[in-house]
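Engineer: Numbering (the numbering used here), first residue to last: 10 to 92. Ideal placement from N, C-alpha and C gives every residue a C-beta, glycine not left out. For reference, the structure I am asking about is given below.
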């Protein structure tokens, strides 16, 4: 995930970017990290959202482009595909 990828908390609906999340080493598995919502402190409850400007729907689609990987919702997938 890139620092600028948009995320939303499923517990409190906080919206921000991946760089805004609280990140720490997982105390149960040293090879993993956990992410916390900076608003409600829920652990691993954030979801990646569409990278289209102004859209906050959960991303369920993705594809490679010349500029890097894109994450989009179902609504913006067809319009975002490279032609």
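Check whether the Cβ atoms of residue 16 and residue 57 lie closer than 7 Å to each other.
Structural biologist: For the purposes of this step, residue 16 is taken as residue 7 along the chain shown, with counting starting at 1. For the purposes of this step, residue 57 is taken as residue 48 along the chain shown, with counting starting at 1. In this structure, residue 57 lies closer than 7 Å to residue 16 by Cβ.
Engineer: Does DSSP put residue 27 in a helix, a strand or coil?
Structural biologist: By 1-based counting over the chain shown, the position of residue 27 is 18. Helix at residue 27.
Engineer: If we count Cβ pairs, one from each stretch, closer than 8 Å, do we get three or more for the segment 26-43 versus the segment 58-72?
Structural biologist: no
Engineer: Applying the 10 Å Cβ sphere with the 16-neighbour rule, what's the burial state of residue 85?
Structural biologist: If you number the chain shown from 1, residue 85 lands on position 76. That one is buried.
Engineer: Can you give me the Cβ contacts of residue 36 inside the same chain, cut-off strictly under 7 Å, excluding the 5 residues immediately before and after it?
Structural biologist: For the purposes of this step, residue 36 is taken as the residue at position 27 of the chain shown. Counting only Cβ-Cβ distances below 7 Å, and skipping sequence neighbours, we find nothing.
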